[in-house]
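If you read the sequence shown in the working numbering, its first letter stands for residue 2, the second for the next number, and so on.
Note that the Cβ used here is the ideal one computed from N, Cα and C, for glycine as well.
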Amino acid sequence: MKKRLSLLILAAFFGAFYACQTAVEPKPEPQFITISGPDLVAPDGSKFFIQGTNLGNWLNPEGYMFRFQKASSARLIDQAFREMVGPDFVDEFWQKFKDNYVTREDIQHIKSTGANTIRIPFHYKLFTHEDYMGLSHDQDGFQRLDSLVEWCRASEIYLILDMHDAPGGQTGDNIDDSYGYPWLMVSERSQKLFVDIWKRIAEHYKDEPVILAYDLLNEPIATYFKDEEAMLNAQLEPLYRKAVAAVREVDPNHIIMLGGAQWNSNFRVFTDSKLDDKMMYTCHRYWCDTLQANIQDFVDFRDSVNLPMFMGETGENTNEWISAWTRLMIRNNIGYTYWPYKKMGSERGMVTVPTPENWDQIVAFTESARGNFTEIRAARPDQELVKKALLEFIENCQFRNCTVNDEYIKAMGLNP
């Protein structure tokens, strides 16, 4: 009896001891990037200046990244592949593509250059039960992003989540995989889905400090709708307001990025810079001179609201242009992520994916007349040849088989 009593006393003592230890050593709160005027601030209190790249084409395939012109969006690429080699092979191809196009090794390489941020474009369908990239239900968006978050955490590099393709389409061109009009701006159902997905993402990642920000919409409202531009533009800020409110219901921690209309270039659509206390703006600009005048509109808006401005996309140009543009960004305190990280057969990225043998036959099929089944049959190349080329692409896109473009990386202000 005495022995049992002694054991009970000891158990109570150690229980109280460990409870006390837990009480005095609470789990540290996650530390997030914050905003101070036009600057970002790291958890240690130092200024944080974004320098990095975009993982384009991985979770939102774009035709030009495959050297296609007519098959310009994810939906059209998928259709062309299925017409050539059938649905079963294409479903397997997309799974292999997602498994191999970006891996831990890519993130480690990006970090090794001195980059501190990665922007990841993704398609909204990854968070639905819609048919997308080889899956027709139980999409794997969170699994894919969770893996990327873990790789970034291990490499100590920040991540910006970018909804590149929104429900209904926010742009009205190939880049949002839509049907040629920014239906998101006029569809209540699409807006509800857009807001719901962002709320789910925010709930999932609310305590993850590796994520720097949520970039709510990529390049809303293209320049092709002049007759309706004023009406469409007027819908943008109210839509952002709905999404911000939904995110803040579950996540008080992360910065929210708002992009301007007309390819992330028109910030006159914004009337309320106090919409949120952890908010900044994101601009895009390509194919212009590297003069102060070419970004002065962004600088003027940034200064007027006293909030950070981030060049979420730029690039697709020569090393000389990239170098001059980088200097312009640094001089104006505008952080940047260049587009894209990797690309087939092009040195205008951090790494180049080798072009598979006979890829020209796949390109030729996508450019041919395919308006009916007779034309599809007439244009279809040898199926085994196409399968071999697609599998070779999967092999080629892996980091170990890519070519690192040292001069391009130097032009980005990084160290190869």
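| query | result |
| --- | --- |
| Assigned exposure category for residue 138 - 16 Cβ within 10 Å defines buried | exposed |
| Length-filtered (4 minimum) alpha helix (DSSP H) runs lying within the region 297 to 353 | 297 to 306, 320 to 332 |
| Cβ-based burial, residue 192 [other Cβ within 10 Å; buried from 16] | buried |
| Endpoints, the beta strand (DSSP E) within which residue 213 is located | 212 to 216 |
| Proximity below 7 Å, CB of residue 200 to CB of residue 167 | no |
| Within 7 Å, strictly: CB atoms of residue 416 and residue 115 | yes |
| Top-ranked residue by Cα proximity to residue 285, from 265, 79, 294, 304 | 265 |
| Endpoints, the beta strand (DSSP E) within which residue 284 is located | 280 to 285 |
| Cβ separation of residue 257 and residue 277, assumed to be a contact under 8 Å, to the nearest whole Å | 6 Å |
| Validate contact between the region 157 to 165 and the region 120 to 128 using beta carbons, cut 8 Å, 3 pairs | yes |
| Cβ pair residue 366, residue 380 closer than 7 Å | yes |
| Where the beta strand (DSSP E) containing residue 143 begins and where it ends | Unbroken run through residue 143 is the alpha helix (DSSP H), 142 to 156; no beta strand (DSSP E). |
| Candidates 136, 312, 289, of which the one nearest residue 299 by Cα | 312 |
| Distance between residue 84 and residue 335 (C-alpha atoms, nearest Å) | 44 Å |
| Rounded straight-line distance, which links the Cα of residue 111 to that of residue 45 | 23 Å |
| At least 3 beta-carbon pairs within less than 8 Å: the region 387 to 406 vs the region 349 to 363 | yes |
| Start and end residues, beta strand (DSSP E) containing residue 52 | 52 to 55 |
| DSSP-derived helix/strand/coil call for residue 33 | coil |
| For residue 205, three-class secondary structure by DSSP | helix |
| Spatial distance of residue 307 from residue 189 (CA atoms) | 32 Å |
| Boundaries (first-last residue) of the alpha helix (DSSP H) holding residue 108 | 105 to 113 |
| Nearest-angstrom Cα separation, counted from residue 173 out to residue 100 | 29 Å |
| Residue range of the unbroken alpha helix (DSSP H) whose run includes residue 118 | Premise fails: residue 118 lies in the beta strand (DSSP E), 118 to 124, not in any alpha helix (DSSP H). |
| Rounded straight-line distance, which links the Cα of residue 259 to that of residue 232 | 19 Å |
| Helix, strand or coil at residue 135 [DSSP, three-state] | coil |
| Proximity winner among 271, 324, 196, 262, relative to residue 291 (alpha-carbon distances) | 324 |
| Buried versus exposed, by CB contacts within 10 Å (16 or more), residue 289 | exposed |
| Boundaries (first-last residue) of the alpha helix (DSSP H) holding residue 102 | Run containing residue 102: none; DSSP gives neither H nor E here. |
| Enclosing beta strand (DSSP E) for residue 86 [first to last residue] | No beta strand (DSSP E) contains residue 86, which is instead part of the alpha helix (DSSP H) from 75 to 86. |
| Residue from 53, 383, 32, 130 whose Cα sits closest to the Cα of residue 314 | 53 |
| For residue 247, three-class secondary structure by DSSP | helix |
| Among 413, 81, 155, 80, nearest to residue 322 - alpha-carbon criterion | 413 |
| Proximity winner among 51, 113, 67, 39, relative to residue 362 (alpha-carbon distances) | 67 |
| Cβ shell of residue 89 (< 6 Å), same chain only, five flanking positions each side left out | none |
| Where the beta strand (DSSP E) through residue 159 begins and ends | 159 to 166 |
| Burial state of residue 25, where buried means 16 or more other Cβ atoms lie within 10 Å | Its pLDDT being 49, under 50, residue 25 is placed unreliably in this model, and the coordinates cannot settle the point. |
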